[in-house]
Amino acid sequence: MLVLLVNVAAALFMAGFIWTMQLVHYPLLDRVGEDAFAAYERDHSRLFFLVAGPGVLTTLVSGVLLLFFRPAQVPLWAALLGLALLAVIAVSTALFQAPQHGILGGGFDRGAYEFLLRTNWIRTAAWSAYGLLGLWMVWQTAP
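Position one of the sequence shown corresponds to residue 1 (the UniProt record's numbering), numbered consecutively onward.
Here's what the structure looks like:
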């Protein structure tokens with residue numbers, strides 16, 4: 001049960017974090033100003049991992065552990081679905097968001113910015129689904 005609770009806590013943390021990025025942080029990027037933007041984006045990319053890194057790592061490790069250490073009431077398919085959602089997040093990050101941050105690291109680019117805003121909904125939806133799946137798994141353990 002401890003592995004499940006750690007996983008759900010990390011998943012809900014990341015869901016809240018990605019919603020903050022989607023609705024607050026990313027929409028404000030175009031207001032930074034061209035002169036300061038490249039440095040701002042580089043700092044964002046570096047500092048982002050101080051917050052997201054532990055959450056992602058905890059979710060990934062506990063998600064894998066759920067395959068082997070999950071309450072009897074939680075079906076294997078639920079743990080596998082969780083890992084599939086983490087794979088969607090990883091692929092989306094690698095193919096869509098990370099390259100845009102690379103472009104933005106050289107200075108503000110309207111196309112990269114708008115692409116980032118649109119494609120980050122993939123991660124927002126996947127983290128949200130992962131958090132809800134975790135809550136559902138906890139609910140399955142209720143007497």
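We put the beta carbon where it would ideally sit given N, CA and C, even for glycine.
None of these values were measured; they are calculated from a predicted model.
Sequence-distant residues of the same chain with beta carbon closer than 8 Å to residue i, five excluded per side
| i | result |
| --- | --- |
| Leu80 | Leu67 |
| Val64 | Leu83 |
| Pro27 | Leu117 |
Contacting residues, own chain, Cβ-Cβ under 6 Å from residue i (five flanking each side not counted)
| i | result |
| --- | --- |
| Gln100 | Ala112, Phe115, Leu116 |
| Ile122 | Ser92 |
| Thr58 | Ala10 |
| Leu85 | Ala126, Ala129, Tyr130 |
| Thr141 | Pro71, Gln73 |
| Val32 | Tyr40 |
Buried/exposed call for residue i, threshold 16 Cβ in 10 Å
| i | result |
| --- | --- |
| Arg118 | exposed |
| Leu50 | exposed |
| Phe69 | exposed |
| Gly53 | exposed |
| Trp77 | exposed |
| Met14 | buried |
| Glu41 | buried |
| Val24 | exposed |
| Leu4 | buried |
| Thr124 | buried |
| Leu95 | exposed |
Supposed contact pair residue j and residue i - C-beta distance, whole angstroms, cut 8 Å
| i | j | result |
| --- | --- | --- |
| Val6 | Ser62 | 5 Å |
| Asp30 | Phe108 | 7 Å |
| Val8 | Leu135 | 6 Å |
| Gly105 | Ala38 | 6 Å |
Cβ-based neighbour list, residue i, same chain, cut-off 7 Å, excluding 5 preceding and 5 following
| i | result |
| --- | --- |
| Met1 | Pro71, Thr141 |
Exercise. May I have a chain-ordered list of the alpha helix (DSSP H) segments no shorter than 4 residues that lie completely inside the region 26–94?
Key: 34–65, 76–92
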